[in-house]
Amino acid sequence: MQLTDSIGRNINYLRLSVTDRCNMRCFYCMPKEGVSREEHGTILSYEELLLIAETAVGLGIEKIRITGGEPLVRAGIVGFLANLSAIPGLRHLALTTNGLLLAEMAADLFRAGVQRLNVSIDSLNPDTFRDITRGGDLSRVLAGLDAAEEAGFPPPKINAVIMRGVNDAELLDFAEMTRLRGNSVRFIEYMPVVKDEGWQRYCLSGEEILQRIAANYQLEPVDKGPFAGPSRDFRIAGARGSIGIITAVSGHFCSDCNRIRVTSTGQAKGCLFSDEKTDLLPCLRPPDQERLAEAVRRIVSTKPERHSITGNGYTHRNFTMSQIGG
Ligand code: SAM
Ligand code: SF4
Ligand code: SF4
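Take 865 as the starting number for the sequence shown in my numbering and just add one per residue.
The structure is reproduced here in structure tokens:
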């Protein structure tokens, strides 16, 4: 079974957020005070999230990425992941985390059937890391990377949001990480989702990131696998890890977009930047799998062709990344 949208894109990837809470407060993602009680809404139970996953896989979704907020802060997450990984037809289960709890949890996550980890690290300098995350401890996150490999995971992929004047001086340090540690690093363009005055000063295009690295290293293009995301990937000769650029703002990878999203409160979205959303709660309370399948099909068939953000004309949307899961 395949899910195809109105312009022929094969939709095989679901990003499922399990919480909007987080144990960090990255300034570009969340307000300092965190998510308020009113905004928090009704979080779906694990049974409800599992029903969404089973229904989506039944329709043609082959890959699920669990995200948040911070997924590892939700109680019972390991048991939920074990149930997810047992869904027949699900070929790929991945998790995105800030890594703060990974050292303690990596072995359990591996046993639960998670196949790949993405860890967000925006700076390799402990002070800059603490500033960006408003208090995060880089050493815990790096210990988490080691624990993941000891548990049996391939080297986690690193996501780094690059912001001019904040962490762009570290581009070459991240590039070195692909050689020294073997992690693949994906540089993400900063997206102005928190209503922050003067956000333009942080913007740095994927092209400039690439040029600055290419000025110091010989980069070879990398062939991507069947579940590759929207990054353009390169490798420094001899490095185990690759370097990827995600040009969410400046580039248009929408023509290859294969994903839909569901937030922890049951709001389904065909596009990260669209205001269109579908409330799945009426299909879940009480649970009605047929109605849910119909809703998922409709989200796919009405998926926008592309986003409407540009480098100089962005309208702030009514959500934060921690609510939608990136
Ligand atoms: N807490 C987990 C983490 O940080 O990996 C998972 C959720 S987080 C919302 C998912 C991804 O979204 C992270 O890699 C984060 O850097 C990215 N993200 C959040 N806000 C962003 C923004 N304004 N621009 C670009 N990426 C953003
Ligand atoms: Fe939390 Fe991830 Fe957002 Fe940072 S990016 S505040 S770790 S949800
Ligand atoms: Fe897909 Fe929307 Fe992102 Fe484009 S902006 S790649 S359509 S989710």
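Glycine included, each C-beta is placed from N, C-alpha and C at the ideal position.
Does at least one heavy atom of ligand 5 sit under 8 Å from the Cβ of residue i?
i	result
Val1057	With respect to small molecules bound, the structure shown includes ligand 1, ligand 2 and ligand 3 and not ligand 5.
Are the CB atoms of residue j and residue i within a distance shorter than 9 Å?
i	j	result
Arg873	Lys1167	yes
Cys866	Gly924	Note on identity: in this sequence residue 866 is Gln, with Cys being the wrong assignment. Yes, these two residues count as a Cβ contact at 9 Å.
Leu1036	Arg1099	no
Ile907	Thr1129	yes
Lys1088	Asn1047	no
Arg879	Ile1124	yes
Val1005	Gly932	no
Leu959	Met888	no
Leu1002	Leu966	no
Tyr877	Glu911	no
Ala1024	Ile1052	yes
Ala1132	Asp1139	no
Report the option in the options whose CA atom is closest to the CA atom of residue i.
i	options	result
Arg1096	Val1049, Ile1124, Thr1142 and Glu1140	Val1049
Cys1135	Ala1112, Pro1146, Glu1154 and Val882	Ala1112
Phe891	Ala1159, Lys1088, Thr997 and Cys1067	Thr997
Phe944	Asp1032, Met1027, Ala967 and Leu914	Leu914
Pro990	Asn1031, Thr961, Asn982 and Glu1013	Asn1031
What residue range does the alpha helix (DSSP H) around residue i cover?
i	result
Asp1010	Leu1002 to Ala1015
Pro1085	Pro1085 -> not in any alpha helix (DSSP H); beta strand (DSSP E) instead, spanning Leu1083 to Pro1085.
Ala1024	Note, Ala1024: premise wrong, no alpha helix (DSSP H); beta strand (DSSP E) at Lys1021 to Ile1026.
Ser984	Per DSSP, Ser984 belongs to no alpha helix (DSSP H); it is in the beta strand (DSSP E), Arg980 to Ser984.
Ser1186	Met1185 to Ile1188
Gly1070	Gly1070 to Ala1078
Mapping the DSSP letters down to three states, classify residue i as helix, strand or coil.
i	result
Arg1162	helix
Tyr910	helix
Asp1060	coil
Thr1129	coil
Gly1108	strand
Tyr1178	Confidence at Tyr1178 is low in this model, with a pLDDT of 47, below 50, so its placement is unreliable and the value that follows should be read with caution. Residue state, collapsed to three classes: coil.
Asp1143	strand
Ile925	coil
Thr868	strand
Asn947	helix
Arg873	coil
Arg1123	strand
Cys893	coil
Hey, quick one: how far does the beta strand (DSSP E) through residue i stretch, first residue to last?
i	result
Ile1097	Before going on, a small fix: residue 1097 reads as Asp here, not Ile. Arg1096 to Ile1100 is the span of the beta strand (DSSP E), which, as asked, contains Asp1097.
Phe1051	Val1049 to Glu1053
Leu954	Here Leu954 belongs to no beta strand (DSSP E), and DSSP marks it neither H nor E.
Arg879	Tyr877 to Ser881
Leu964	Where Leu964 is concerned, there is no enclosing beta strand (DSSP E), given that its DSSP letter is neither H nor E.
Mind checking who residue i pairs with in its DSSP beta bridge?
i	result
Pro1151	Leu1148
Ile916	None, per the DSSP bridge assignment.
Ile930	Leu880 and Leu959
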